[in-house]
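Comments concern the structure below.
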Amino acid sequence: MLKKYELPANEFNSFMLIEGDKLYTKSSGALRMLKHLGGGWGLLYVFIIVPKFIRDGIYNWIAKNRYKWYGKMNECWLPKPEWKTRFLE
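Per the numbering used here, residue 2 is the first one in the sequence shown, and the count goes up by one each step.
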C-alpha cells in the first residue's frame with residue numbers, strides 16, 4: 002500500500018486510513034476514523050475545519066508524547082471475544 006500511494010516504505014510510521022482509493026494520513030485519517038466510529042467520537046470530526054498544518058502539528062505533538070503520558074506496553078492488547086466481529090481475520 003505504501004508503494005501504491007508513493008510513500009516511503011522504510012520510514013513511514015503514521016496513521017493511515019484508506020477509503021475507496023483515497024488515502025488519509027495523520028490527523029485527516031484519525032478524524033475520518035473517529036467519524037466512522039459513531040457515538041460521541043463522530044463529534045470530533047468538526048476539527049476537520051482546522052487547517053491541516055495545525056491539525057498535523059497537534060497530531061505530531063501527541064504522537065511524540067504519548068508514551069510519556071500513557072506508558073508503553075511490552076505485549077499486544079487482545080480484544081474481548083465479543084468484539085471479534087469488529088476485527089479482520
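All C-beta atoms in this analysis are idealised placements derived from N, C-alpha and C, irrespective of residue type, glycine included. Note that the coordinates shown come from a computational prediction; the quantities given were computed from them, not determined experimentally.
Item: May I have the straight-line CA-CA distance separating K73 from M17, to the nearest angstrom?; Value: 21 Å
Item: Can you tell me whether K23 is helix, strand or coil according to DSSP?; Value: strand
Item: Report the option in Y68, M2, L89, D57 whose CA atom is closest to the CA atom of L32.; Value: D57
Item: With a 10 Å radius around its C-beta and 16 neighbouring C-beta atoms as the bar for buried, classify Y98 as buried or exposed.; Value: What the structure shows of the chain is the stretch from 2 to 90, and residue 98 is not part of that stretch, so it cannot be assessed.
Item: Would you mind giving the Cβ-Cβ distance between G43 and K36, rounded to the nearest angstrom? I have them listed as a contact below 8 Å.; Value: 5 Å
Item: Would you kindly work out how many angstroms separate the C-alpha atoms of I55 and I63, rounded to a whole number?; Value: 13 Å
Item: To the nearest angstrom, report how far apart N75 and N66 are at their CA atoms.; Value: 17 Å
Item: Just to confirm, is the Cβ distance from S15 to K23 under 9 Å?; Value: no
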